[in-house]
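Here the structure comes first, spelled out in structure tokens, and everything after it is commentary.
Protein chains: 2
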Amino acid sequence: MAIPRAAKTQRRTRIQEEKEERILEAALDVFSQNGFRGATIDQIADAAGMSKPNLLYYFRTKEAIHRHLIDRVLFTWLEPLRAFDAEGNPESEIRSYIRRKLEMARDFPRESRLFANEVLQGAPHIEDELKGPLKELVDEKAEVIRAWARSGKITKCDPYHLIFSIWSTTQHYADFDVQVRAVLGQDYAGEGRFEDAARFLEQLFIDGLRARNA
Amino acid sequence: MAIPRAAKTQRRTRIQEEKEERILEAALDVFSQNGFRGATIDQIADAAGMSKPNLLYYFRTKEAIHRHLIDRVLFTWLEPLRAFDAEGNPESEIRSYIRRKLEMARDFPRESRLFANEVLQGAPHIEDELKGPLKELVDEKAEVIRAWARSGKITKCDPYHLIFSIWSTTQHYADFDVQVRAVLGQDYAGEGRFEDAARFLEQLFIDGLRARNA
DNA sequence: CGATAATTTGACCGCTTGGTAAAACATTAC
DNA sequence: GTAATGTTTTACCAAGCGGTCAAATTATCG
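Line by line, the protein sequences are chains A and B.
Numbering (the working numbering) for the first sequence: 149 to 362.
Numbering (the working numbering) for the second sequence: 149 to 362.
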């Protein structure tokens, strides 16, 4: 019998690990470009260089692949926020959070778009994760920000909307990449826009949040 | 013969106008929730309360419906930016631009998501519009902002990234609505989050862009 | 009214889709 | 080796898809 599919008890062969990785890599391409419904198993199998039944030997359904990817992405997506340090200096914490998120948009645009696709279409597969772990983490960090505001280190502001605005401005460069490129024009062939964006966003958030002493 | 489809020379019957409107309304629902590939003609026909062939009598293809919608949305989507007035006071212009965009996110979330879906998936249907009319308008307004900065009315900053950041922060409340709700929790049953968002964003951008005299 | 044009329907088509069955092939364990 | 297990392929569904067709129905106009 052959009932390995996702490893029954233990991940056995190295071939399994390899193939699963190849599938997930291909699936990231396809899902991030077409969304869940727009992606087809054939496309993914093709991109992974294997036949459809072969692919379905490792992941029983299209949803299984998607779940795997989403879980992984959700974890790394939250990393920068986790690193947010209550003990640190507010200004440099916010600055490095922005930098980190921008780097993710630059280096992992597919991951960002996969996530965006999912949320945009109502997050049918990850509602629980959003309401659970995500909310908890944000609640925790919002409290940190609020404390900073209370102690006068930054201006008083709604911490949730602050977090939202950092998310949205940074991810914009991954999710709306085509639009950004179209507007900026050809001259922006390189990755210079990320440096410019970093400069602008740091200025905006640092100055916008600086405690007003007057 | 019956070759009206989208009105040969002139829009004839009132019934045509009505049905087309119903179809577009239904299609907006379906496309904005599932993206182009994820949406099916049957779904749209169902939502519009008519049979598939009947729908196809008014729009020959799925793409035709989509194009119609996109064109319409792109126009209204740009309205607020068009209203951006070079003669006005920078602070109040930016403030009202943010307000307008937030109102659009609140009142026309489907339109925003339709657009987001399209851009997210590489804008296959509207690349030309992005590189043409959109870029031109943004270029024009960027010059306005740059002039403001030169004359010291606001701080020096990259006008393109400023526009991007206003787009992203405001649309976030439409496009990532599920996530916003999940994080803010049940208590945010009403539309209060839009007021809070407006307060936060106005503060952020106004203070962040205020000319520094020191 | 009757004729003509506009609208709607049901039946259908060819293709794609997610997924299966079973057998062929490869690998490992003894 | 050979037997057991793991992997891949070929052939195949049944359902869903975008779209067509011709006939039936309804509205419009003289």
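Heads up, the beta-carbon is just placed ideally off N, CA and C, and yes, glycines get one too.
These numbers come from a predicted model, not from an experiment.
Practice prompt. Report buried or exposed for Asp325(A), applying the criterion of at least 16 other Cβ atoms within 10 angstroms of its Cβ.
Written response: buried
Worksheet item: Considering only residues of the same chain and omitting the five flanking positions on each side of Arg248(A), which have a CB-CB separation below 6 Å?
Response: The beta carbon of Arg248(A) is closer than 6 Å to those of Pro228 in its chain, skipping five residues each way along the sequence.
Fill in: Selected residue, minimal CA-CA separation from Gly280(A), among Ala234(A), Ile171(A) and Leu226(A)
Leu226(A)
Worksheet entry | Rounded separation between Glu239(A) and Ile171(B) - CA only | Their Cα atoms are separated by approximately 51 Å.
Fill in: Where the alpha helix (DSSP H) through Glu350(B) begins and ends
Gly340 to Leu357
Practice prompt. May I ask you to list the residues that DSSP assigns as paired with Ile302(B)?
Written response: The partner list for Ile302(B) (beta bridge, DSSP) reads Arg358(B).
Worksheet item: Starting from Leu282(A) and walking both ways along the alpha helix (DSSP H), at which residues does that stretch end?
Response: Taken as a continuous stretch (DSSP letters only), Leu282(A) belongs to no alpha helix (DSSP H), as it is neither H nor E.
Practice prompt. Leaving out five residues on either side along the sequence, give the residues of the same chain with a beta carbon under 7 Å from the beta carbon of Phe342(A).
Written response: Closer than 7 Å at Cβ, skipping near neighbours: Leu250, Arg254 and Tyr321.
Fill in: Same chain only: Cβ atoms within 7 Å of Gln191(B), ignoring 5 sequence neighbours per side
Val178
Discussion item. Let me check understanding here. Comparing Cα to Cα, which of Lys210(A), Glu165(A), Ile213(A) and Ser316(A) lies closest to Ile246(A)?
Written reply: Ser316(A)
Worksheet item: If we call anything under 8 Å between Cβ atoms a contact, is Glu277(B) one with Leu222(B)?
Response: yes
Worksheet item: Quick one: does Lys301(A) have its CB under 8 Å from some CB of chain B?
Response: no
Fill in: Pro307(B) - containing alpha helix (DSSP H), residue span
Pro307 to Asp323
Worksheet item: At least one CB of chain B closer than 8 Å to the CB of Lys156(A): is that the case?
Response: Unreliable positioning characterises Lys156(A) in this predicted model, as indicated by a pLDDT of 43, which lies under 50. The coordinate reading is nonetheless provided below. No, its Cβ sits nowhere closer than 8 Å to a Cβ of chain B.
Discussion item. Could you check whether the Cβ of Ser240(B) sits closer than 8 Å to any Cβ belonging to chain A?
Written reply: no
Fill in: Buried or exposed (CB count within 10 angstroms, at least 16 for buried), Ile314(A)
The residue in question, Ile314(A), is buried, as its Cβ has 16 or more Cβ neighbours within 10 Å.
Item to complete: Check whether the Cβ of Asp323(B) lies closer than 8 Å to any Cβ atom in chain A.
Response: Interface flag for Asp323(B) against chain A is set, since a Cβ pair is found closer than 8 Å.
Practice prompt. Within 10 angstroms of the Cβ of Asp335(A), are there 16 or more other Cβ atoms? Answer buried if so, exposed if not.
Written response: exposed
Worksheet item: Which of the three DSSP states, helix, strand or coil, is assigned to His273(B)?
Response: coil
Discussion item. Within 8 Å of any Cβ in chain B, is that where the Cβ of Gly338(A) sits?
Written reply: no
Item to complete: Tell me where the alpha helix (DSSP H) around Ser255(A) begins and ends.
Response: The displayed chain sequence assigns Asp, not Ser, to residue 255(A). It spans Pro238 to Asp255 - the alpha helix (DSSP H) in which Asp255(A) sits, taken as one unbroken run.
Item to complete: Answer with yes or no whether the minimum CB distance from Asp202(A) to chain B is below 8 Å.
Response: Note that residue 202(A) corresponds to Asn in the displayed sequence, not to Asp. Not an interface residue.
Discussion item. Strictly below 7 Å CB to CB, what residues from chain B border Lys289(A)?
Written reply: Within chain B, no residue comes near Lys289(A); the closest Cβ sits about 11 Å away, beyond 7 Å.
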